[in-house]
Amino acid sequence: MPKIVDHDQYRKELLSKCFDLFAEKGYGSITMRQIADGLRVSTGTLYHYFPSKQALFEQLMEEICQQDVSMATAELSGTQTLPEQLEIIGKFLIKKEDYLIKWTYLLVDFCQHQNFKGMENVGAFNRINKRYKQAIYDVLGIQDPVLAAFIYSFIDGLIFERLLNNEMVSIPEQCALLGKMLTAYLEKENSTDVPVERLYGS
Numbered sequence: 377m378p379k380i381v382d383h384d385q386y387r388k389e390l391l392s393k394c395f396d397l398f399a400e401k402g403y404g405s406i407t408m409r410q411i412a413d414g415l416r417v418s419t420g421t422l423y424h425y426f427p428s429k430q431a432l433f434e435q436l437m438e439e440i441c442q443q444d445v446s447m448a449t450a451e452l453s454g455t456q457t458l459p460e461q462l463e464i465i466g467k468f469l470i471k472k473e474d475y476l477i478k479w480t481y482l483l484v485d486f487c488q489h490q491n492f493k494g495m496e497n498v499g500a501f502n503r504i505n506k507r508y509k510q511a512i513y514d515v516l517g518i519q520d521p522v523l524a525a526f527i528y529s530f531i532d533g534l535i536f537e538r539l540l541n542n543e544m545v546s547i548p549e550q551c552a553l554l555g556k557m558l559t560a561y562l563e564k565e566n567s568t569d570v571p572v573e574r575l576y577g578s
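Count the sequence shown with this note's numbering and you get residues 377 to 578, in order.
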């Protein structure tokens with residue numbers, strides 16, 4: 377009897393092994409042949425699941441985004457105040473720092489191989505940005521889109537500074553400071569009669 381293959385599960389298994397291959401060589405340098413060799417599959421098998429290197433990387437982006445959001449949500453489970461949540465996020469970023477630096481480098485490398493208009497058409501890139509921002513809405517309870525974008529950009533900036541090996545930037549200290557700043561900002565906004573649902577959701 378022929379073996380029944382769960383193609384979606386097998387595709388995810390291949391993706392789970394691709395991160396280290398991309399991290400080792402970079403998006404621009406690695407070839408589909410090298411990826412297939414690293415995964416110990418034929419190039420035909422690889423192309424069956426991923427029609428191109430870009431398609432593979434875009435699926436990897438979405439898979440990593442899903443894992444990141446799930447892990448961060450689990451870490452924040454049970455926390456109450458915004459400062460507590462930002463403190464936990466800081467610890468989470470430190471715990472995953474090496475991985476996050478590699479991932480940031482890969483995203484920058486990927487962007488370098490797209491022109492500006494090309495990035496606008498990368499659907500996966502747009503979807504993961506929306507998903508990360510949605511996680512900020514859901515986990516932190518902040519549904520002001522401008523504020524959510526600020527938090528997202530702030531975290532990205534911290535990781536990028538660590539990529540540059542800026543030892544003056546302490547992720548836990550910066551996250552703790554952000555927690556205090558956001559708390560003060562939201563309290564001030566509430567005192568000026570800004571609708572509560574704009575800040576924290578309905």
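Glycine residues also receive a C-beta, built at the ideal position from the N, C-alpha and C atoms.
Go ahead and pull the three-state DSSP assignment for residue i.
i: residue 544; result: coil
i: residue 518; result: coil
i: residue 377; result: Low local confidence applies: a pLDDT of 41 at residue 377 is under 50, so the model's placement there is unreliable, with the coordinate-based value given in what follows. Coil, per DSSP.
i: residue 484; result: helix
i: residue 449; result: helix
i: residue 550; result: helix
i: residue 456; result: coil
i: residue 572; result: Below a pLDDT of 50, predicted positions are generally treated as unreliable, and residue 572, at 46, falls in that range; no measurement from the model is reported.
i: residue 409; result: helix
i: residue 561; result: helix
i: residue 442; result: helix
i: residue 511; result: helix
i: residue 529; result: helix
i: residue 472; result: coil
i: residue 418; result: coil
i: residue 393; result: coil
i: residue 428; result: coil
i: residue 403; result: coil
i: residue 579; result: Nothing in the structure corresponds to residue 579, since the chain is present only between 377 and 578.
i: residue 384; result: helix
In its own chain, which residues sit with a C-beta less than 6 Å from the C-beta of residue i, not counting the 5 before and 5 after it?
i: residue 545; result: 537
i: residue 397; result: 411 and 414
i: residue 442; result: none
i: residue 432; result: 426
i: residue 578; result: With a pLDDT of 42 at residue 578, under the threshold of 50, the predicted position of this residue should be treated as unreliable, though the coordinate-derived value follows. Excluding positions up to five away in sequence, the list is empty.
Once the 5 residues before and after residue i are set aside, which same chain residues still bring their CB inside 8 Å of it?
i: residue 461; result: 452, 455, 515, 516 and 555
i: residue 407; result: 429
i: residue 485; result: 402, 403 and 404
i: residue 448; result: 465, 468, 511 and 515
i: residue 386; result: 425
Looking only at its chain, what residues have a beta carbon closer than 7 Å to the beta carbon of residue i, apart from the 5 residues adjacent to it on each side?
i: residue 409; result: 419
i: residue 528; result: 508, 509 and 512
i: residue 473; result: 538
If you measure between the beta carbons of residue i and residue j, is that distance less than 8 Å?
i: residue 560; j: residue 463; result: no
i: residue 518; j: residue 511; result: no
i: residue 390; j: residue 425; result: yes
i: residue 394; j: residue 458; result: no
i: residue 531; j: residue 438; result: no
i: residue 498; j: residue 490; result: yes
i: residue 500; j: residue 565; result: no
i: residue 399; j: residue 471; result: no
Our contact map puts residue i next to residue j with C-beta atoms below 8 Å; I'd like the distance itself, whole angstroms only.
i: residue 469; j: residue 534; result: 7 Å
For the ligand ADP, is there any heavy atom lying closer than 7 Å to the beta carbon of residue i?
i: residue 450; result: Although the ligand ADP was asked about, the structure shown includes no ligands whatsoever.
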